[in-house]
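In numbering that gives the first Met the number 0, the protein residues as written are 0 to 439.
Note that CB positions come from ideal geometry on N, CA and C, so glycine has one too.
Before any comments, here is the structure.
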Amino acid sequence: MNKELYLQHVARKLDVFRGFMAELGYEQLLISSGQIKIQFQDDMSYPFKANVYFKEWLPLNKRQDCFLLISMDERPELYLNNAEDIWHTAPQNLPEGWDEPFDLGYFENHQQLAEQLNLDSTKLVYLGEDNEFKLPAERVNPVDLRNHVDYQRRFKTPYEHACMREANRIAASAHEAARKAFMSGASELQIMAAYLEDCNCSENEMPYPVIAGLNEHAAVLHHFMLDRTAPAEHRSFLIDAGVDVNGYASDITRTYAFDPTCEFAEMIAVMDQKQQELVEAGAIGKSNIELHKLSHLKIAEVLDQFNIINVSAEEAVSSGLTNTFYPHGLGHGIGVNVHDKGGNLKDPSGELIPAPAEYPRLRNTTDFVATQVHTVEPGLYFIPALLNKLKGTELESKLNWDRVEAFIPYGGIRIEDNIVLHEDGTLENLTRDAQKALLG
0 MNKELYLQHV
10 ARKLDVFRGF
20 MAELGYEQLL
30 ISSGQIKIQF
40 QDDMSYPFKA
50 NVYFKEWLPL
60 NKRQDCFLLI
70 SMDERPELYL
80 NNAEDIWHTA
90 PQNLPEGWDE
100 PFDLGYFENH
110 QQLAEQLNLD
120 STKLVYLGED
130 NEFKLPAERV
140 NPVDLRNHVD
150 YQRRFKTPYE
160 HACMREANRI
170 AASAHEAARK
180 AFMSGASELQ
190 IMAAYLEDCN
200 CSENEMPYPV
210 IAGLNEHAAV
220 LHHFMLDRTA
230 PAEHRSFLID
240 AGVDVNGYAS
250 DITRTYAFDP
260 TCEFAEMIAV
270 MDQKQQELVE
280 AGAIGKSNIE
290 LHKLSHLKIA
300 EVLDQFNIIN
310 VSAEEAVSSG
320 LTNTFYPHGL
330 GHGIGVNVHD
340 KGGNLKDPSG
350 ELIPAPAEYP
360 RLRNTTDFVA
370 TQVHTVEPGL
380 YFIPALLNKL
390 KGTELESKLN
400 WDRVEAFIPY
410 GGIRIEDNIV
420 LHEDGTLENL
430 TRDAQKALLG
């Protein structure tokens, strides 16, 4: 990864953070990387997950007990715990030269560090989960500060783009390994193992748990409990998996049919085309809400093309029928959070853009902005629990149930790409570009 891009990233973060710190009247901001969590009634810890507010500054997502101090007029200070530890692997370090923007300090315990910090100042605030220094509640994760930090998250730097571009490159190869494992007749757990081996990562290093659903399991939106044995018949496969690079995620979904000549394979191809139409419809200034509404029309067109509905695509949307087949949002911002913060913030003050009445659970309601990275992931699922709710309602008669039953064994389809909206208006599909580079 390019060091100069990282140094530019830190410089921009400093300008932005100091700007809203001055506006809010804060003189210092202390950000913790987080602490190891011990399981209840045990001496074993959970896998460490770094504070996302820390990760957007420093690629130390595997190192606990670090602190970044941002001041208005001084260089940022990075404090690292260097206490002797014979039990664990040596802690993660920054790449060579990446510490240039920071004054480094070291400590062995929090009391020692507290003596180096001006913790009594009412102008010092803290971002993190643990409040290691027992600061007053009003100075811990203040809402006005978090709103500003979350709002600026959508504006990405070239360094952040580079991290996610690399995360897509690595994941593209791992997705292909998973597809080959599926076609060889592997179980869900074996498919995940093929994915992890190809990207050379452990399961704990994934930005989110790998979703690998065969057949009906493709209809489970978050299928994490993977089967250890292969089904008697392989019909379909949905994989939703990414990679972490310097704390930044990729988030990619693909769906495959075992028999390339079956009707479900045709449906995947049509969904792929609709997904690409939705990608192209996204642009700076476009509304997430309007694009989500358009995605419901695209799903309805697929339902109509495959004779699953007996009403027009427009009526399928207006009646709410498409919600049964497509129960989630079209996409989300992505960065150090897989689902990036601030997706419904109108401005840094914390004012929200409400979800539309017809899609009350929609979490991403803002307009697209330049430099943003977001996902586009329409889905079409045959979920028995949702389909059964239509029985006895006026929507029941709008479906051709024999066609519905024919597709239930395949579970569903989701196709997801990661998209950059560049300042000049061009659109970069990180996922498709990585796949093309890999497969030609």
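8 Å Cβ shell around N306 - same chain, five flanking residues per side excluded: Here residue 306 is taken as the residue at index 307 of the sequence shown, counted from 1. N399 and R402, listed in sequence order.
Measuring alpha carbon to alpha carbon, tell me which of E422, P383, E393 and K390 ends up nearest E404. Position 405 of the sequence shown, counted from the first residue, corresponds to residue 404. Nearest C-alpha to E404: P383.
Is the distance from the Cβ of Y25 to the Cβ of K122 below 7 Å? Within the sequence shown, numbered from 1, the residue matching residue 25 stands at position 26. Within the sequence shown, numbered from 1, the residue matching residue 122 stands at position 123. Result yes, Cβ atoms of Y25 and K122 sit closer than 7 Å.
Identity of the residues DSSP links to S70 by a beta bridge: In the sequence shown, residue 70 corresponds to position 71, counting from 1. Paired residue(s): Q27.
Extent of the continuous alpha helix (DSSP H) run through V51: Within the sequence shown, residue 51 is the residue found at index 52, counting from 1. Counted as a single uninterrupted DSSP element, the alpha helix (DSSP H) harbouring V51 occupies residues V51 to K54.
Does DSSP put L385 in a helix, a strand or coil? In the sequence shown, residue 385 corresponds to position 386, counting from 1. Here L385 sits in helix by DSSP.
I need the boundaries of the alpha helix (DSSP H) containing V175, first residue and last residue. For the purposes of this step, residue 175 is taken as residue 176 along the sequence shown, with counting starting at 1. Note that residue 175 is Glu in the sequence shown here, rather than Val. Annotation: the continuous alpha helix (DSSP H) that includes E175 extends over P157 to M182.
Any idea which residues DSSP pairs F106 with across the strands? As a first step, residue 106 must be located in the sequence shown, where it is residue number 107. N80.
Please report the residue range of the beta strand (DSSP E) in which A369 lies. As a working note, residue 369 is residue 370 in the sequence shown. If you look at A369, you'll find it isn't in any beta strand (DSSP E); DSSP assigns it neither H nor E.
Using only CA atoms, which one of I251, V219, F263 and A240 lies nearest to R431? Against the sequence shown, residue 431 aligns to sequence position 432. For the residues I251, V219, F263 and A240, the minimum Cα distance to R431 belongs to I251.
Runs of alpha helix (DSSP H) lying entirely within the region 176-226, each at least 4 residues, in chain order: The qualifying runs are 187-198.
With a CB to CB cut of under 6 Å and the five nearest residues on each side skipped, what residues in its chain are close to E300? Position 301 of the sequence shown holds residue 300. Correct list, in chain order: A312.
Please check the pair Y78 and L112, which I expect to be a contact at CB under 8 Å, by giving their CB distance rounded to whole angstroms. Here residue 78 is taken as the residue at index 79 of the sequence shown, counted from 1. Here residue 112 is taken as the residue at index 113 of the sequence shown, counted from 1. Right, their Cβ atoms sit about 6 Å apart.
Alpha helix (DSSP H) runs wholly inside the region 112-159, at least 4 long, in chain order: 142-151
Could you tell me the alpha carbon to alpha carbon distance between L438 and D197, rounded to whole angstroms? Locating residue 438 in the sequence shown gives position 439, where the first residue counts as 1. Locating residue 197 in the sequence shown gives position 198, where the first residue counts as 1. Approximately 15 Å, taken between the alpha carbons.
Can you give the Cα-Cα distance for A231 and D42, rounded to whole angstroms? Numbered from 1 along the sequence shown, position 232 holds the residue referred to as residue 231. Numbered from 1 along the sequence shown, position 43 holds the residue referred to as residue 42. Rounded to the nearest angstrom, the two C-alpha atoms are 41 Å apart.
Going by DSSP, which residues form a beta bridge with D416? In the sequence shown, residue 416 corresponds to position 417, counting from 1. According to DSSP, D416 bridges with V375.
What residue range is occupied by the uninterrupted beta strand (DSSP E) comprising T254? Here residue 254 corresponds to residue number 255 of the sequence shown, with the count starting at 1. Boundaries of the beta strand (DSSP E) harbouring T254: I251 to A256, taken from the DSSP string.
Does DSSP classify I298 as helix, strand or coil? Translated into the one-based positions of the sequence shown, residue 298 becomes position 299. In the structure shown, I298 sits in a helix (DSSP, three-state: H, G or I).
N203 to S70, Cα distance in whole Å? For this step, residue 203 is matched to residue 204 along the sequence shown. For this step, residue 70 is matched to residue 71 along the sequence shown. Those two C-alpha atoms are separated by around 34 Å.
Thinking L277 and K297 are a contact (beta carbons under 8 Å), I'd like their distance in whole angstroms, please. Counting from one through the sequence shown, the residue named residue 277 turns up at place 278. Counting from one through the sequence shown, the residue named residue 297 turns up at place 298. Going by Cβ atoms, the distance from L277 to K297 rounds to 6 Å, so yes, they are a contact pair.
Residue span of the beta strand (DSSP E) that contains L426, given as start and end: Mapped onto the sequence shown, residue 426 falls at position 427. From DSSP, the beta strand (DSSP E) with L426 extends over L426 to N428.
Which of the three DSSP states is assigned to Y247 in this structure? As a first step, residue 247 must be located in the sequence shown, where it is residue number 248. Three-state DSSP puts Y247 in a strand.
By the 10 Å Cβ neighbour count, where 16 or more other Cβ atoms means buried, how is Y409 classified, buried or exposed? Translated into positions along the sequence shown, residue 409 becomes position 410. Buried: at least 16 other Cβ atoms inside 10 Å.
If you run the structure through DSSP and keep just helix, strand and coil, what is S286? As a first step, residue 286 is located in the sequence shown; it is residue number 287 there, counting from the start. In the structure shown, S286 sits in a strand (DSSP, three-state: E or B).
According to DSSP, is I407 helix, strand or coil? Counting from 1 along the sequence shown, the entry for residue 407 is found at position 408. It is helical.
Cβ neighbours of L379 in the same chain (closer than 7 Å, five flanking residues each side left out): On the sequence shown, position 380 is the one that residue 379 refers to. For L379, where only same-chain residues beyond five positions count, the Cβ hits under 7 Å are M270, I298, V301, F324, Y325, G411 and I412.
Beta-carbon within less than 6 Å of Y52's beta-carbon, same chain only, minus the 5 sequence neighbours each way: which residues are those? Reading the sequence shown from its first residue, position 53 is the one you call residue 52. Answer for Y52: I30 and L126, listed in chain order.
For N130, which residues in the same chain have their Cβ closer than 8 Å to its Cβ, ignoring the five residues on either side in sequence? As a position in the sequence shown, residue 130 is number 131, starting the count at 1. Excluding sequence neighbours, N130 sits near V139.
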